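These notes concern the structure reproduced below.
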Amino acid sequence: MRILNLHDDIAAELRERREQGKRLSFRRSHMNRLMAGEILTSAAACWFRGDETFEEMESLIGITRKEITKHTKLILSADDLSDANTEPEFFLSVEGMCGITDHPKQRIRQLYELGVRMASLTWNETNLLATGTEGDPARGLTKKGKKAVEAMNELGMVIDVSHANEHTFWDILNVSEKPVIASHSNCRSLCNAQRNLTDQQIAAIAVSGGLIGMNAYGPFIAEEEEKRGARMLAKHARHIASIAGSEHIACGFDYTDFLAEYANNSKHDLSMAKDAQRFPEALSEEGFSEEEIRNITFGNAFRFLKENL
Numbered sequence: 027m028r029i030l031n032l033h034d035d036i037a038a039e040l041r042e043r044r045e046q047g048k049r050l051s052f053r054r055s056h057m058n059r060l061m062a063g064e065i066l067t068s069a070a071a072c073w074f075r076g077d078e079t080f081e082e083m084e085s086l087i088g089i090t091r092k093e094i095t096k097h098t099k100l101i102l103s104a105d106d107l108s109d110a111n112t113e114p115e116f117f118l119s120v121e122g123m124c125g126i127t128d129h130p131k132q133r134i135r136q137l138y139e140l141g142v143r144m145a146s147l148t149w150n151e152t153n154l155l156a157t158g159t160e161g162d163p164a165r166g167l168t169k170k171g172k173k174a175v176e177a178m179n180e181l182g183m184v185i186d187v188s189h190a191n192e193h194t195f196w197d198i199l200n201v202s203e204k205p206v207i208a209s210h211s212n213c214r215s216l217c218n219a220q221r222n223l224t225d226q227q228i229a230a231i232a233v234s235g236g237l238i239g240m241n242a243y244g245p246f247i248a249e250e251e252e253k254r255g256a257r258m259l260a261k262h263a264r265h266i267a268s269i270a271g272s273e274h275i276a277c278g279f280d281y282t283d284f285l286a287e288y289a290n291n292s293k294h295d296l297s298m299a300k301d302a303q304r305f306p307e308a309l310s311e312e313g314f315s316e317e318e319i320r321n322i323t324f325g326n327a328f329r330f331l332k333e334n335l
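Letter by letter, the sequence shown follows residues 27 to 335 in the working numbering.
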């Protein structure tokens, strides 16, 4: 079954290999890996920890774009999206915009011109735009962050709220005139992780017209290791459906098996891209219809991107 994945930390692996002096291996490490799980459209996330400069951001985004265009299609507009491609295609996303310290509207436009079509204002850190999940709970979106949100709306760059703390989350929802995505987040009521969403946040994303991408990273599926896996993630999807409807659910698997730092951190039956087809199977076991499953794995995100890129 065709899958559209809203979050995959592809750029982190490219950076890791460059730092180690190894050859980049985009087709082997990413295209073949995703194809094994029938993930045929994916966000190529450029992850920034919080101390990178804007120039460093530009460099990594540029490297990632070059590797994508060397091997396959880079999605830049709704017209570039396909539901018939037979090899993985990608759009660029940014996870954390710590490098934007001045002229936020100009910097957002520069990222857009580099090909970025989805971005979060922060990773887990506090920066000059916003506050991540590890930051001060009383601090949210800044004036520069508000300008960044406005620029993203104007350009058609999708806002990702997955790493925002609750204060920033609600500030973004109040400022943004466009729907938002939580590209890789689950339900806090089923797994009490700060990166997961409260029921109120789930409902608000749905009201905005947005999406929630189901995250296959074990610690966000269940606190107990033995409960982690496809079936428990399907229960997260069921919980979201009970609040917001299945039309607001997508996939944002956030695979880490190809990153040395995280490779052994969370192993279960859905922890690698080749396992991805276990998720639609688990959704079926959880009682979703075939049509709902096709929409959760591909259709909902495809429609959203068609309407918002």
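Yeah, the Cβ is synthetic: ideal placement off N, Cα and C, and Gly gets one too.
Keep in mind that this is a model prediction, so the values were computed, not measured.
Item, Value
"Would you call the CB atoms of L154 and C124 closer than 9 Å?", "yes"
"Buried or exposed for P306, going by 16 or more other Cβ atoms inside 10 Å?", "buried"
"According to DSSP, is F117 part of a helix, a strand, or is it coil?", "strand"
"Whether or not the segment 146-160 and the segment 87-106 are in contact is what I'm after, with contact meaning three or more pairs of Cβ atoms, one per stretch, closer than 8 Å; do they touch?", "no"
"Taking the straight line between their C-alpha atoms, what separation do you get for M240 and K172?", "27 Å"
"Beta-carbon within less than 8 Å of D109's beta-carbon, same chain only, minus the 5 sequence neighbours each way: which residues are those?", "R28, F324 and F328"
"Spatial neighbours of L60 within its chain, please: CB distance less than 7 Å, with the 5 preceding and 5 following residues excluded, ordered by chain position.", "S68, P114 and A299"
"Going by Cα to Cα distance, which pick from E78, N150 and T95 is closest to F195?", "N150"
"Going by DSSP, what residue range makes up the beta strand (DSSP E) through G239?", "L237 to M240"
"State the DSSP-derived secondary structure class of D34, mapped to helix, strand or coil.", "strand"
"Cutting at 7 Å between CB atoms, please list the residues of its own chain near P205, excluding the five before and the five after it.", "S234, G235, G236 and N334"
"Would you tell me roughly how many angstroms separate the C-alpha atoms of L40 and V142, rounded to the nearest one?", "17 Å"
"Please check if any C-beta of chain D sits within less than 9 Å of the C-beta of L40.", "In the structure shown, chain D cannot be found, because there is only a single protein chain."
"Mapping the DSSP letters down to three states, classify V233 as helix, strand or coil.", "helix"
"Could you give the distance in angstroms between the alpha-carbon of I87 and the alpha-carbon of K293?", "29 Å"
"Assuming L223 and C213 form a contact by the criterion Cβ under 8 Å, report the distance between their Cβ atoms to the nearest whole angstrom.", "6 Å"
"Roughly how many whole angstroms lie between the Cα atoms of I247 and M258?", "7 Å"
"Would you check if the distance between the CB atom of L140 and the CB atom of E93 is smaller than 9 Å?", "no"
"Which residues in the same chain as A302 place their Cβ atom closer than 6 Å to its Cβ, once the five residues preceding and following it in sequence are excluded?", "I29, G63 and I65"
"Per DSSP, which residues does S146 bridge with? Please list them.", "E121"
"Which one or two residues does DSSP pair with C72 in a beta bridge?", "V120"
"Quick check on D77: buried or exposed, where buried means 16 or more other Cβ atoms within 10 Å of its Cβ?", "exposed"
"Is the beta carbon of T148 sitting closer than 9 Å to the one on A190?", "yes"
"Using beta-carbon positions only, say whether L107 and R135 come within less than 9 Å of one another.", "no"
"Using the Cβ count rule (16 or more neighbours within 10 Å means buried), how would you classify T282?", "buried"
"Which class does G158 belong to by DSSP, given the choice of helix, strand or coil?", "strand"
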